[in-house]
Structure formats: C-alpha cells, structure tokens
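S.K.: Quick one: this structure, given as structure tokens, is what I'll be asking you about.
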Amino acid sequence: MNSKMRWVVLTGFLIGALLISGFALAAEDKKAAKKEPAVAKEAKGVNAATVNGVGITEAEVQKETDRFKRQATAAGQQISPDQMKELRKEVLDSLVSREVVYQESQRRGLKASENEIDEKVGDLKKGFPSEAEYQAVLQRMNVTEAELRKQVSRQLAMKKLIDQTIAPEVTVTDAEVKKYYDEHPEDFKMPEQVRASHILKKADAKASEADKAKAKKELTDLQQRLKKGEDFAELAKQSSDCPSAPRGGDLGFFPRGQMVPAFEEKAFALKPGELSDIVETQFGYHLIKVTDKKAPGTLTFEESKDRVAQYLKQEKTTDQVSKFIDGLKSKADVKISAQ
Numbered sequence: 106m107n108s109k110m111r112w113v114v115l116t117g118f119l120i121g122a123l124l125i126s127g128f129a130l131a132a133e134d135k136k137a138a139k140k141e142p143a144v145a146k147e148a149k150g151v152n153a154a155t156v157n158g159v160g161i162t163e164a165e166v167q168k169e170t171d172r173f174k175r176q177a178t179a180a181g182q183q184i185s186p187d188q189m190k191e192l193r194k195e196v197l198d199s200l201v202s203r204e205v206v207y208q209e210s211q212r213r214g215l216k217a218s219e220n221e222i223d224e225k226v227g228d229l230k231k232g233f234p235s236e237a238e239y240q241a242v243l244q245r246m247n248v249t250e251a252e253l254r255k256q257v258s259r260q261l262a263m264k265k266l267i268d269q270t271i272a273p274e275v276t277v278t279d280a281e282v283k284k285y286y287d288e289h290p291e292d293f294k295m296p297e298q299v300r301a302s303h304i305l306k307k308a309d310a311k312a313s314e315a316d317k318a319k320a321k322k323e324l325t326d327l328q329q330r331l332k333k334g335e336d337f338a339e340l341a342k343q344s345s346d347c348p349s350a351p352r353g354g355d356l357g358f359f360p361r362g363q364m365v366p367a368f369e370e371k372a373f374a375l376k377p378g379e380l381s382d383i384v385e386t387q388f389g390y391h392l393i394k395v396t397d398k399k400a401p402g403t404l405t406f407e408e409s410k411d412r413v414a415q416y417l418k419q420e421k422t423t424d425q426v427s428k429f430i431d432g433l434k435s436k437a438d439v440k441i442s443a444q
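Given below as structure tokens:
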C-alpha cells in the first residue's frame, strides 16, 4: 500500500474520517447506482476476500474504489487502467485492515455506549443545514437511522482499540518539537491573511434572471439595513444562505487563493470594519465585512510548538497503527479471491 492510501486508511481509524466522508458522499453514490449494471448486482453476493470467515464483498470494494476515482477526477487527475488495478488492490487491503481491527476490538469487548453513538450521530447531523436535509440524504442513501448507528458503533469500537493500545505509548519530547521547528522554517511562514464574514443570497448559474434579480434585491435591502446600523452577524444568522450563517457569516482567516477570485479581491481590498458593495460570484450575491487582517510573517516557536507536537504525535501514531494492523493481519486467516 502506498503512503498516501495508508494515510487515508489510518486516519480513518484515528478520527473516523472514512465514515464521515462516506456519509457525505453517499448521495453521489446513490445517484451513480441508479442504473446499476447486472455485473454490479452480481458483485453484491461475491466475496473479494474473507477475514476469519467474514466476507468483504466485491460490491464493497467496487463502491470504495469508485469513490476514490471520483475524488481524483474532481481534483483533475486522470487514472489509467493500470492505476485502477492498483487502486482496487489498495482499497481491498484497506477494507481488510478495517475488518481485522474491528474484529480485534470485539475480541477485547470494546463497544460504544448509546451516549457515544448519539454524540457522533449528532456531529454528523451538524454537517447538514437542517434535520430535513439530513433525513433526505439518509433516504437517498437507502440507509435507515438504525443502520447508520450500527456503522457509527463499529467505527467507535475501532477507535477505542487504537486509543487504548497505541495512543498511550506514543510520546513526543520538547527536543523533538524544537528540532522539527528549526529544520523546517518554510512550514512556519505565514502569508497575508484576512478574516471576513459575509451574507450570501444564492443565485447560481442555473438560476433564472428573475431569481437573480430577487436575490440581489434581498441583499440590497439587507445592505440598507446594515448602513442604518443593524448588526452584521445577526443579519447573517437570519438571512444568509451560506452554511456559515449560524456563525454570523464568519469565515475565519484565509490567505489568497482559497476563495473565488471576485470574493477574494474584494475581501483583501477592504480594511477591518469596512463593508463591501454587493459582490457577484458563481454562488450568488455577497455582502462582505472584513473583521481582521494579518500581515505576512513567520510563526514563532511558542506559537507553533503545540501544533508541531500534535503533528509529530500523529505521525508516530500513524506509524504504530500501521505496525499494529500488520501484526493483526499476520495472525488472521485472510483469504483473497482470485480476480
């Protein structure tokens, strides 16, 4: 398994990213599966591998492989047939890894409590603008809440195993942190950054001229209210169509190159406290308020040490988890089906 794929797999064990990313992409998976070919239907009952007698179906491998392919395509990368074969092997290996870790967690009697599952499902729900949208995605996935909770329970059991067996053994010394800081000066150079909040009225490329005019009129009305002294954050909470609305439209600090050009140009041109005119982007119409700016510079050791320590601990943990998984796999009865 190459280092990039290994990192993805191990990060999934440590923070549950595989579960969450799979949930977020599920609507796309469901859409892609509407015209499911016969060979895909047959794959549902065919095992690509077994781990101590537990099957990993060809359909699971295919779905995960397709997901990585879509992510690569979205990033502008083309995957050749040979690369697809290698990707499939790596995906299957990752699924085997997850299964051996889950089985070991069960052997040790590690289980998630109902409160822990509730908390994780709650975190997932926070990624949706409303309960209705969350339920709609579950429906499009053809997944019940009970099935989702089962997957969350499984992920949490795996994380408990890693937390109990690996995390306590990983330490990072002050000397290691200082050494990394001194040897990687480029990592601590910070570009100019701006902190901005915005109010968005959506009107994308598919919107009619009438809808665009309506969105712009609504934002013009909000602009007049702001000029009369109403609070920007409160209006953003009430009226913005952006997921940042609950935060009063706050987007945090960002450097150049992170936002779309029209938005970025206006944000960096404003002074702290200034309000923009209406800005049009492919997402719709925005009012932007800059709340703070940071000049380019270099982070000091004191500013960086906690982040460096966290990074080094993650690197060490990833390495130890990799070795732990390899040890579990060497003891497991893993059978890979011929392709």
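Residue numbers in the sequence shown follow our numbering, run continuously in steps of one, and reach 444 at the last position.
The beta carbon of each residue, even a glycine, is placed where N, CA and C say it ideally should be.
As the structure is a prediction and not an experimental result, all values here were calculated from the model.
1. Answer yes or no: does any C-beta atom of chain B fall closer than 8 Å to that of Thr162?
2. Would you decide whether Gln260 is buried or exposed? Buried here means 16 or more other CB atoms lie within 10 Å of its CB.
3. Going by C-alpha distance, which of Glu274, Ser202, Ser427, Glu191 is nearest Asp438?
4. Note down the Cα distance separating Gln244 from Glu238, rounded to an integer number of angstroms.
5. Start and end of the beta strand (DSSP E) containing Lys306?
6. Measuring alpha carbon to alpha carbon, tell me which of Glu408, Thr422, Phe429, Lys225 ends up nearest Lys294.
7. Let me know the secondary structure DSSP gives Thr396 once reduced to three states.
8. In the DSSP output, which residue or residues are listed as bridge partners for Asn152?
9. Using a 10 Å radius around the Cβ and a threshold of 16 neighbouring Cβ atoms, would you call Lys136 buried or exposed?
10. Specify the secondary structure class of Lys139 as computed by DSSP and reduced to three states.
11. Starting from the N-terminal side, write out each stretch of the beta strand (DSSP E) that is 3 residues or longer and does not extend beyond the stretch 243-328.
12. Give the C-beta separation of Leu356 and His303 to the nearest angstrom, bearing in mind that I take them to be a contact with Cβ-Cβ under 8 Å.
13. With a threshold of 6 Å on Cβ separation, who are the neighbours of Lys410 within its own chain once the five nearest residues in sequence on each side are excluded?
14. Suppose you measure from the CA of Val156 to the CA of Ala443; what does that come to, to the nearest Å?
15. What's the gap between the Cα of Phe173 and the Cα of Glu163?
16. Once you ignore the five residues that flank Val144 on each side, which residues in its own chain have a CB closer than 6 Å to its CB?
17. Classify Val365 as buried or exposed, calling it buried when 16 or more other Cβ atoms lie within 10 Å of its own Cβ.
18. Which residue or residues does DSSP assign as beta-bridge partners of Glu385?
19. Would you call Glu147 buried or exposed, if buried means 16 or more other Cβ atoms sit within 10 Å of its Cβ?
20. From Lys445 to Pro360, what does the alpha carbon distance come to, in whole angstroms?
21. Leu63 by DSSP, collapsed to three states: which one?
22. If you drop the 5 nearest sequence neighbours on each side, which residues of the same chain put their C-beta closer than 7 Å to that of Ala341?
23. Let me check one thing: in DSSP terms, what residues is Phe358 bridge-paired to?
24. According to DSSP, is Gly402 part of a helix, a strand, or is it coil?
25. Using a 10 Å radius around the Cβ and a threshold of 16 neighbouring Cβ atoms, would you call Glu314 buried or exposed?
26. Do Leu392 and Gln328 have their CB atoms nearer than 8 Å?
27. Anyone know if the C-beta pair for Lys306 and Asp346 falls short of 8 Å?
28. On a CA-only basis, which of Gly362, Glu236, Leu380 is nearest Asp397? Give me that one, please.
29. Ile441 by DSSP, collapsed to three states: which one?
30. How would you write the range of the alpha helix (DSSP H) that Lys194 sits in, first residue to last?
31. In chain order, what residues of the same chain lie with their CB nearer than 8 Å to the CB of Glu274, ignoring the 5 residues before and after it?
M.R.: On the basis of the supplied data:
1. The displayed structure is made up of one protein chain only, and chain B is not part of it.
2. With a 10 Å radius around the Cβ and a threshold of 16 neighbouring Cβ atoms, Gln260 comes out buried.
3. Ser202
4. 10 Å
5. 298-307
6. Glu408
7. strand
8. Thr162
9. At Lys136, the pLDDT of 44 sits below 50, so the modelled position is not reliable; the number obtained from the coordinates is stated separately. Exposed.
10. Unreliable placement is indicated for Lys139, whose pLDDT of 44 sits below 50; the coordinate value is still reported in the next sentence. Three-state DSSP puts Lys139 in coil, outside helix and strand.
11. 298-307
12. 7 Å
13. The residues are Val282.
14. 15 Å
15. 16 Å
16. At Val144 the pLDDT is 44, less than 50, meaning the model places this residue with poor confidence; the figure from the coordinates comes in the next sentence. Nothing meets the Cβ criterion.
17. With fewer than 16 Cβ atoms within 10 Å of its Cβ, Val365 is classed as exposed.
18. Tyr390
19. The predicted model places Glu147 with a pLDDT of 48, which falls under 50 and marks its position as unreliable, so this point remains unresolved.
20. A question about residue 445 goes unanswered here, because the residues of the chain that appear run from 106 up to 444.
21. For the chain, the structure presents residues 106 to 444; residue 63 sits outside this window and is missing.
22. Ser302, Ile304, Ala350, Gly353, Gly354
23. Arg300
24. strand
25. exposed
26. yes
27. yes
28. When only C-alpha atoms are compared, the closest one is Leu380.
29. Judged by DSSP in its simplified three-state form, Ile441 adopts strand.
30. 186-212
31. These residues qualify, in order along the chain: Gln425.
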